[in-house]
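Notes for the one structure printed next.
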Amino acid sequence: MPLAFTPSTLVLAVEIAATAAFALSGLMAGARKRLDAVGLVVVAGLAAFGGGTLRDVLLDRRPFFWVEHANWLWALLVLCVGAMLFLRKRHLALTERAMQWPDALGLGLFTATGTQLALSLGQPALVAVLMGVISAVCGGVLRDIVCNDIPSAFHDHRPYAVCAFVGGWAVVGAHALAWPESAALLVGAGLTSGLRALALARDFRLPVWR
Amino acid sequence: MPLAFTPSTLVLAVEIAATAAFALSGLMAGARKRLDAVGLVVVAGLAAFGGGTLRDVLLDRRPFFWVEHANWLWALLVLCVGAMLFLRKRHLALTERAMQWPDALGLGLFTATGTQLALSLGQPALVAVLMGVISAVCGGVLRDIVCNDIPSAFHDHRPYAVCAFVGGWAVVGAHALAWPESAALLVGAGLTSGLRALALARDFRLPVWR
Amino acid sequence: MPLAFTPSTLVLAVEIAATAAFALSGLMAGARKRLDAVGLVVVAGLAAFGGGTLRDVLLDRRPFFWVEHANWLWALLVLCVGAMLFLRKRHLALTERAMQWPDALGLGLFTATGTQLALSLGQPALVAVLMGVISAVCGGVLRDIVCNDIPSAFHDHRPYAVCAFVGGWAVVGAHALAWPESAALLVGAGLTSGLRALALARDFRLPVWR
């Protein structure tokens, strides 16, 4: 790998930060439910890798990301052990707030790459967008199901999957315009993360069904 | 498509009515749990397409029904938006009661087609019946798991999966007698739906384990 | 099959006892939640076959064990009906205690065979161990999710998945040393079951995160 700062270094940095944010969201959800150490690691792993794995099962794609690059599993273990050693209850609220921003970046990145991947496998547009949304959102859904909660992505009335849905269509649009892949990813990820950041900053709510 | 009324038109009409009934069951379960708009669409989609998708994952069959015919996904979105715009709380009980009958038709149709499909892939009889039951029942199971309820199919002491199980064996029997496929489907679907309708009309209960 | 007592007879006996213990754990969890007869059979089946099935879905392996040997499904049905006819509430606590030991044997057997299987498919070491743990543990996890509980494997602070994790690495080690397959299985299963039995006998607890 070159020493100079390249786009792929940036993508890798975003990917690491976002995966860590997803894993920490799992750790904190598990801690709130007083899971044991095994449960914490599993829930962190589901939050971090569950969405992409579900997407790959639906697309019948093997090997999984974490099988091809098993180092991510080791990194997850190290992260969990480190968090259990060094994080204390008084850090949780702060960590949760700090994690919102890498989480928003991850929402964008995983939506864009998931949509792009499904398009490259010849899936129809709506299905590709759905696969992008699943990649980005279903890790948190599985985390909440195992923690015996209604998934917060379906329940907290804040735009999360909706941002991913819009961003996925941006990738589809860029693809239809024959833009280069990197531009499509950038637009999709940027739009998704931007919408999410805006929703967080302005405290947007989803419309309510009476 | 010919303008005349043909059996396949009838099957399509039953399929549309049944899928809508399944989706509405998801919408209503989600509304009861106060899910947001995203959650309502997801739970409606799981209730409508989750059973067939799980069957296809288990049988390692691609593309999924809703990938090959992505129009069904658009129809689901339209149905959800329409229901959110026009259904009000006072309609819910009535809708629920009205949905019992297309739901019973769907139970029969999806059981029969699921069993037939598994038989045509060379699965053993009991496995084929199981695949039929999964197609018809597991959408509702996934709906209830996401809504953080014990699945009502496992808990309400009313014959539902049992009707599908019996009807699945009818398909297997017709297949063993080398009946034409349409006759097997008709017998299986009719027996399943008939049993379910009878169970609803007479308020049958499953035996209780002391 | 020869009449003499052979290692494979022993393995089969352990497999039957362990699968029955897993299924009974499902029956008892379902009974505690007052599931109906359908729910009891489903939860027993998930507890018995869910872990191996999830492993096979992740490894994209077909046919499933219970498709190739559909007799196991019939045996499950017979076991469930028998238990519903003959087990009474006053037997439950006793059954639960008695089941701990075949359950510990099953934990070892399914971990070792799952790890071995993944290694033989060329999976990396950590992934193979994970597949062994999933085979042995995720049946109970699915059982608890359907019963709307936090999975006890993640919550009860007792070593269960941890024993499987250690035993899985023993299989990997034996494989790396080019030991014969039966020796690798024996060491992995023995170590897992032994650790679990020790943890039960000494009432070990997992460390708590403050």
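Residue numbers (our numbering), protein chains in the order written: chain A, 1 to 210; chain B, 211 to 420; chain C, 421 to 630.
All C-beta atoms, glycine included, are put in the ideal place defined by N, C-alpha and C.
Item                                                                                                                                                                                                         : Value
May I ask you to list, following chain order, the residues of the stretch 452-478 of chain C that have a beta carbon less than 7 Å from some beta carbon of chain A?                                         : Val477
Spatial neighbours of B/Ala254 within its chain, please: CB distance less than 6 Å, with the 5 preceding and 5 following residues excluded, ordered by chain position.                                       : Ala233, Gly236, Leu237 and Cys290
Have a look at A/Pro124 and B/Val277 and give me their C-alpha separation to the nearest angstrom.                                                                                                           : 7 Å
List, in chain order, every chain C residue whose beta-carbon is nearer than 8 Å to that of A/Leu117.                                                                                                        : Chain C residues near A/Leu117: none, gap ~17 Å exceeds 8 Å.
Count the other CB atoms, across all protein chains shown, that sit within 10 Å of the CB of C/Leu423; report buried if there are 16 or more and exposed otherwise.                                          : Confidence at C/Leu423 is low in this model, with a pLDDT of 46, below 50, so the placement of that residue should be treated as unreliable; the coordinate-derived value is given next. Exposed is the call here.
For A/Gly190, which residues of its own chain have a beta-carbon under 6 Å away from its beta-carbon, when the five flanking residues on both sides are left out?                                            : none
Does any C-beta atom of chain B lie closer than 8 Å to the C-beta of A/Pro102?                                                                                                                               : no
Less than 8 Å between CB atoms is the rule here; does A/Ile145 satisfy it with respect to chain C?                                                                                                           : yes
According to DSSP, is A/Arg158 helix, strand or coil?                                                                                                                                                        : coil
Note the first and the last residue of the continuous alpha helix (DSSP H) segment covering B/Gln310.                                                                                                        : Lys299 to Ser330
Can you confirm whether the stretch 433-441 of chain C touches the stretch 518-531 of chain C when touching is taken to mean that 3 or more C-beta pairs between the two stretches lie within less than 8 Å? : yes
State buried or exposed for A/Leu94, treating a residue as buried only when at least 16 other CB atoms are found within 10 Å of its CB.                                                                      : exposed
Buried or exposed for C/Gly633, please, with buried defined as at least 16 other CB atoms from any protein chain shown within 10 angstroms of its CB.                                                        : Since the first and last residues shown for chain C are 421 and 630, residue 633 of chain C lies out of range.
Using a Cβ-Cβ cut-off of 8 Å, state whether C/Arg510 counts as contacting chain B.                                                                                                                           : no
Between A/His157 and the rest of its own chain, which residues show a CB-CB distance below 8 Å, the 5 nearest in sequence each way excluded?                                                                 : Arg205, Leu206 and Val208
Just verifying my parser: in three-state terms, what is the DSSP assignment at B/Val267?                                                                                                                     : helix
Considering Cα atoms alone, identify which of B/Gly342, B/Val224 and B/Asp354 is closest to A/Asp149.                                                                                                        : B/Asp354
How many Å lie between B/Ser218 and B/Ser392 at the Cα?                                                                                                                                                      : 10 Å
Could you name the residues of the same chain whose beta carbon sits closer than 7 Å to that of B/Val351, not counting the 5 residues immediately before and after it, in chain order?                       : Pro361 and Ala363
Within the chosen definition, does the stretch 237-246 of chain B reach the stretch 453-461 of chain C through at least 3 CB pairs nearer than 8 Å?                                                          : no
Taking all protein chains shown into account, do 16 or more other C-beta atoms lie within 10 angstroms of the C-beta of B/Phe296, making it buried, or fewer, making it exposed?                             : exposed
Taking the alpha carbon of A/Ala161 as the reference point, which residue from A/Val146, A/Gly106, A/Ala184 and A/Ala17 has its own alpha carbon closest?                                                    : A/Gly106
By the three-class DSSP mapping on this structure, what secondary structure does A/Ala20 have?                                                                                                               : helix
Can you tell me whether DSSP reads A/Leu206 as helix, strand or coil?                                                                                                                                        : coil
Hey, is B/Asp366's beta-carbon within less than 8 Å of any beta-carbon in chain C?                                                                                                                           : yes
Residues in the same chain with beta-carbon distance under 7 Å from C/Gln536, minus the five sequence neighbours each way, listed in chain order, please.                                                    : Val591, Glu601, Ala604 and Leu605
Would you mind stating whether C/Phe469 and C/Gly559 have Cβ atoms separated by less than 8 Å?                                                                                                               : yes
For A/Ala70, which three-state DSSP category applies?                                                                                                                                                        : coil
Just to confirm, are B/Thr321 and B/Thr263 a CB contact at a threshold of 8 Å?                                                                                                                               : no
Which one of B/Glu306, B/Arg298, B/Asp266 and B/Trp284 has the shortest CA to CA distance from A/Leu126?                                                                                                     : B/Trp284
Using a Cβ-Cβ distance under 8 Å, would B/Pro334 count as near chain C?                                                                                                                                      : yes
Excluding the 5 residues flanking C/Cys567 on each side, which residues of the same chain have their C-beta closer than 6 Å to its C-beta?                                                                   : Ala449 and Lys453
Should A/Leu142 be counted as a contact of the ligand COA given a C-beta to heavy atom distance under 7 Å?                                                                                                   : Looking for the ligand COA in the displayed structure turns up nothing, as the structure carries no ligands at all.
If you run the structure through DSSP and keep just helix, strand and coil, what is A/Ile134?                                                                                                                : helix
List the residues of chain C that A/Trp74 touches, going by C-beta distances under 9 Å, in chain order.                                                                                                      : Leu546
In chain A, what lies closer than 8 Å to B/Ala303 by C-beta?                                                                                                                                                 : Under the 8 Å cutoff, chain A gives no residues; its nearest Cβ is about 16 Å from B/Ala303.
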